[in-house]
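S.K.: For the record, the sequence lines run as chains A and B.
The first sequence begins at 42 in the working numbering and counts up one residue at a time.
The second sequence begins at 4 in the working numbering and counts up one residue at a time.
For every residue, glycine included, the Cβ atom is placed at its ideal position computed from N, Cα and C.
Before I ask anything, let me first share the structure, which is written out below as structure tokens.
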Amino acid sequence: MDMNEIKEIFFQECEEQLAELESGLLKMNDGDRDPETVNAVFRAVHSIKGGAGAFGLDDLVAFAHVFETTLDCVRSNKLEPTQDVLKVMLKAADVLADLTNAARDGGSVDQARTRGLVKELEALANGDLPAPSAAAAVVETAPQPAVPAPTDDSGFQPIPFSFDDDFGGDEPAGAGVPEYEVNFKPRADLYAKGNDATLLLRDLARLGEMNIFCDTDELPALPDLDPENAYFKWAISIKTDKGEDAIRTVFEFAEWDCDLDVRQVEGDVASASEELPMVPVPFDLSILDDDGAAPAAKIVKEAPALKNDAAAAVAAAETASNVTQLASAAARVEKKEAALAAAAAANAAAAQNSAAAGQTIRVDLDRVDRLINLVGELVINQAMLSQSVIENDNNGTSSINMGLEELQQLTREIQDSVMAIRAQPVKPVFQRMSRIVREIADMTGKSIRLITEGENTEVDKTVIDKLAEPLTHMIRNAVDHGIETPEKRATLGKNPEGTVRLTAKHRSGRILIELADDGAGINREKVRQKAIDNDLIPADANLSDEEVDNLIFLPGFSTADKISDISGRGVGMDVVKRSIQALGGRINISSRPGQGSVFTMSLPLTLAVLDGMVVTVAGQTLVVPLTAIVETLQPEASAIHSFGANHRLISIRNSFCPLVDVGRILNFRATQADPVEGVALLVESEGGGQRALMVDAIQGQRQVVIKSLEANYTHVPGIAAATILGDGRVALILDVDAVVGASRGQSLKPEMSYAAVG
Amino acid sequence: MSYAVKSLTQGTRELIAFRIGDQEFCVDIMSVREIRGWTQATAMPHAPGYMLGVVNLRGAVLPIVDLSARLGMKQAEPTARHVIIVAQVRRKVVGLLVDAVSDILTITDDSIQPTPEVSSDHERQFARGIVAIDRRMICLIELEALFPESESEAA
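This is the structure in structure tokens:
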């Protein structure tokens, strides 16, 4: 497998982990104190860190590490997860997501924000110290008391060589910062599993000022050297205020394959021991640093005992580093995959915990689509078969008919199950919204709580993908315009914290998404005035409350007094409405002044099939999407009125509606048909205008599988897509918006149509 | 021996010859996917005259072109005896309505004669040469020229 593929898998898993992280944090925010939730959050960050480390994504590792440390404090009950703490953590989750995206797509992240959060997190980890001058504060408050003694359950064996504490006594600068002594002796397994002592030491160097000695005593002569064995051990003294746990975390993935001993150096160590049990060789980490990143290790002054023998030591050091390079080069071959395997193992462990929720497999979307296409064919074929059996059935053999009925049921079931494969819960989109709410609430200084319901409602993946944008627009509007400032809410006697409720549910074969806020509601006077100012309605227009509310969906409408970064460029709601309609959906608004607004979107569950009315126009069979049709009626001669030379109006309950001959618009016939002989379909199109579409006859109503016309042909103005009917013939699906647009005198240009093609 | 090997070793190519009216044409066999009978097509609005409509090709929507009209000859009146050559033109698949498929020819490149100078640009636009076999004259046409990029990629 090539590296990029592995990386891609890592990023996919990151996305899952980030979602897990966010939902866990939100649960904690709602008062969930279940240790399992905290663990899940911790695991998510930890897995990301582990994987990122394997790919050398240093920024990501560094941030994840700080985040993890803070989470660990929560896990060990050192830090109470209050609302304020969680606010910081949610922000940190956002930054982590940004960093992941930046690592994948090569973008940049807001460095200042990252640094600020690192500080905040560290402050929390250090027992809620005031964020600024954290370092200074640490120096004053003497050695960290909270570091627990080395635990025995980690299963390591302290190696039996003693090593005295001082390496030159040159630490007056770091006085007060606890010093640890780490003895690290990798076994051959460590390299075999793809870890690399260099990387571990480099990670360790990030924790603080560090001195490293490499003990090469066990290194055999070159002829006896087994290149796959491990011969070195390192003695490290490190000054860090991050505690022993942080040191252990560095060796986390290697713990079982090395002898590790971490001890805190107590008090002020007086003198260097005269009889060093081994000759420490100054070990320059930068030699191992293959990609030239700045090494943090420092070479210590050589110990007095070594001075006599300096030349020999240098030679030894050279051999040491050369061999290590060899070893690490050998290890590097396997390193990446093995490290990934370690990360994957961690993920698998996490996955095990949620195994109760059902096992999943990752399948290429193409494969699913191919299956769906084939099943679509099966349905059509089955319909064709039944039709021809009915046509040829002159002796009424019931066994064939019964078999066919069963076949029909089976094909329906297969179709439903296959569609279910593409169905995905709306959860990821909803989670993205919670981030948007947080950010905008921050920007506007409002306090807002997002409540989501029905996150597990499933809908076709294409619908989900296209849902995010309009939903984002609407959430922005709700937070920016809908909810009042906390002060204003307080004076109105409302809870200063505003609530935005996002709900998804299934309703009669469609998905219903509701966005409700408890803000000010729509200011109808203002909307009306604005519409008049913008020439959208005549000044004396008599509109119902509902009609006024719907004015906000008109193009070029914005009520915000000042145009903000967040919303209010006047391209908001009409774009929302159009994208919802492009998905074959409808959007409604209901608003109560002072109590908030509710937007209701009703969307089809899938874009692969469509409910349509099959009609005949000039001998051709067309399908009109059912979502567009308001009602159908049989026109009477008395209801038809000529208007000008070419136009005709139909009166419906005392309102006049332009009559559009579909056959004429699509050029199927040269002259307009007689409306009395046909059927009128009252449709509502983009912009809210109603039109009566004239067709010759209605054949029926059925679900059709959408086929692309563009694949082999070009886009056809007035036609949204094609489908295949039960008789095996192609029928065209009408693009209602384009046809209505054409009837307004706009020519049928391709750009005119917002085709509902899946 | 496979087509590829043949053309490599002998510089030959295989062509499918078909009849429209009393004329014979041929196209490269590698662009032909299948040959099928005529089925009633669904007319497309706002389509040029040679576009007969679309049919269902195992679930895909296949546009059908009246090749006779496209080559500037009289419009065909499709019957059950007509044949549709399903051909791949760039990334799209089109059906070409012809009277009948007559032959599969294996010819060498040097047996293709250049298109004669005639006054009409129309024929010269698609014709890539003339093949003479058994005293028949077969016009080699290039499908890419029949369906220029701008037209087929308009969407």
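Since L644 of chain A and I554 of chain A should fall inside the 8 Å C-beta cutoff, what is the C-beta to C-beta distance between them, to a whole number of angstroms?
M.R.: Contact flag correct, Cβ pair sits at about 7 Å.
S.K.: Given this structure, state the Cα-to-Cα distance separating Q58 of chain A from P469 of chain A, to the nearest angstrom.
M.R.: Answer to the nearest angstrom: the Cα atoms are 12 Å apart.
S.K.: CB-CB under 6 Å to D230 of chain A, same chain, minus the five flanking residues each way: which ones, in chain order?
M.R.: Cβ neighbours of D230 of chain A beyond the five flanking positions: D298.
S.K.: Per DSSP, what kind of secondary structure is A482 of chain A in: helix, strand or coil?
M.R.: Residue state, collapsed to three classes: helix.
S.K.: Could you give the distance in angstroms between the alpha-carbon of L70 of chain B and the alpha-carbon of V101 of chain B?
M.R.: If I take the Cα positions, the gap works out to 6 Å.
S.K.: Please say whether P219 of chain A and D302 of chain A have beta carbons closer to each other than 9 Å?
M.R.: Going by C-beta atoms, D302 of chain A is not nearer than 9 Å to P219 of chain A.
S.K.: Would you kindly work out how many angstroms separate the C-alpha atoms of L448 of chain A and I402 of chain A, rounded to a whole number?
M.R.: In a straight line, the C-alpha of L448 of chain A is about 29 Å away from that of I402 of chain A.
S.K.: So what does R139 of chain B bridge to, in DSSP terms?
M.R.: DSSP lists B:I136 as partners of R139 of chain B.
S.K.: Any Cβ of chain A within less than 9 Å of the Cβ of Q78 of chain B?
M.R.: No, Q78 of chain B lies away from the interface with chain A (no Cβ there is under 9 Å from its Cβ).
S.K.: According to DSSP, which residues form a beta bridge with I87 of chain B?
M.R.: BP columns for I87 of chain B point to B:R39, B:L100.
S.K.: Can you have a look at S696 of chain A and say buried or exposed, based on whether 16 or more other CB atoms are within 10 angstroms of its CB?
M.R.: With fewer than 16 other Cβ atoms within 10 Å, it is exposed.
S.K.: Show which residues of chain A have a CB atom less than 9 Å away from the CB atom of R61 of chain B.
M.R.: Ordered by position in chain A, the residues that pass the 9 Å Cβ test against R61 of chain B are E418.
S.K.: Quick one: what's got a C-beta closer than 7 Å to A148 of chain B's C-beta in the same chain, skipping five residues either side?
M.R.: Hits under 7 Å: Q128, F129.
S.K.: Between which two residues does the alpha helix (DSSP H) containing R551 of chain A stretch?
M.R.: From DSSP, R551 of chain A is part of no alpha helix (DSSP H) but of the beta strand (DSSP E) over 551-558.
S.K.: Does Q26 of chain B have its Cβ less than 9 Å from a Cβ in chain A?
M.R.: Not closer than 9 Å to any Cβ of chain A, the Cβ of Q26 of chain B fails to qualify, so no.
S.K.: Specify the secondary structure class of A761 of chain A as computed by DSSP and reduced to three states.
M.R.: It is a strand residue.
S.K.: Applying the criterion that 16 or more other CB atoms from any shown protein chain within 10 Å of the CB defines a buried residue, is H756 of chain A buried or exposed?
M.R.: Buried, because 16 or more other Cβ atoms sit within 10 Å of the Cβ of H756 of chain A.
S.K.: What are the residues that DSSP puts in a beta bridge with T657 of chain A?
M.R.: In DSSP, T657 of chain A forms a bridge with A:T662, A:A738.
S.K.: Starting from L415 of chain A, trace the alpha helix (DSSP H) in both directions and tell me its first and last residue.
M.R.: Run containing L415 of chain A: 406-433, per the alpha helix (DSSP H) assignment.
S.K.: Going straight from the alpha carbon of A346 of chain A to that of D256 of chain A, what length do you get?
M.R.: Legend: pLDDT at A346 of chain A = 44, less than 50; position of this residue unreliable, no value from coordinates given.
S.K.: So T573 of chain A packs on P666 of chain A, CB below 8 Å; how close in whole Å?
M.R.: Sequence inspection shows Ile at residue 573 of chain A; the Thr mentioned does not correspond to that position. Rounded, the Cβ-Cβ distance is 34 Å, inconsistent with contact.
S.K.: Under a CB-based cut-off of 9 Å, is A46 of chain B close to chain A?
M.R.: Output row for A46 of chain B: interface = yes.
S.K.: Determine whether the Cβ of P66 of chain B lies closer than 9 Å to any Cβ atom of chain A.
M.R.: It does; some Cβ of chain A falls within 9 Å.
S.K.: Residues of chain B with a CB under 7 Å from the CB of I760 of chain A: which are they?
M.R.: The answer, in chain order, is P48.
S.K.: Note down the Cα distance separating E525 of chain A from T485 of chain A, rounded to an integer number of angstroms.
M.R.: So the alpha carbons of these two residues sit roughly 10 Å apart.
S.K.: Contact check, G226 of chain B vs T118 of chain B under 8 Å by CB: the rounded distance?
M.R.: As displayed, chain B neither begins before 4 nor continues past 158, which places residue 226 of chain B out of reach and without an answer.
S.K.: Between the C-alpha atoms of V96 of chain B and N433 of chain A, what's the straight-line distance to the nearest angstrom?
M.R.: Distance between the alpha carbons of V96 of chain B and N433 of chain A is about 34 Å.
S.K.: Quick one: Cα of T498 of chain A to Cα of F640 of chain A, how far?
M.R.: Their Cα atoms are separated by approximately 18 Å.
S.K.: Between V703 of chain A and V780 of chain A, how many whole angstroms is the CB-CB distance? I'm expecting something under 8 Å.
M.R.: So it is a contact: roughly 6 Å between Cβ atoms.
S.K.: Is F104 of chain A close to chain B? Criterion is C-beta to C-beta, closer than 9 Å.
M.R.: No, no contact with chain B.
S.K.: Buried or exposed: where does L263 of chain A fall if 16 or more other Cβ atoms within 10 Å of its Cβ makes it buried?
M.R.: Classification of L263 of chain A: exposed, given that the 10 Å Cβ count is below 16.
S.K.: In whole angstroms, what separates the C-alpha of F254 of chain A from that of D125 of chain A?
M.R.: Going by the C-alpha atoms only, they are around 43 Å apart.
S.K.: Can you tell me where the alpha helix (DSSP H) holding T141 of chain A begins and where it ends?
M.R.: Note, T141 of chain A: alpha helix (DSSP H), 124-146.
S.K.: For a contact defined as C-beta to C-beta under 8 Å, what are the partners of F709 of chain A on chain B?
M.R.: Correct list: A46, P48.
S.K.: Go ahead and pull the three-state DSSP assignment for P699 of chain A.
M.R.: In this structure, P699 of chain A counts as strand in the three-state DSSP scheme.
S.K.: How many angstroms separate the CA atom of D146 of chain A from the CA atom of Q152 of chain A?
M.R.: Each residue's alpha carbon lies about 17 Å from the other.
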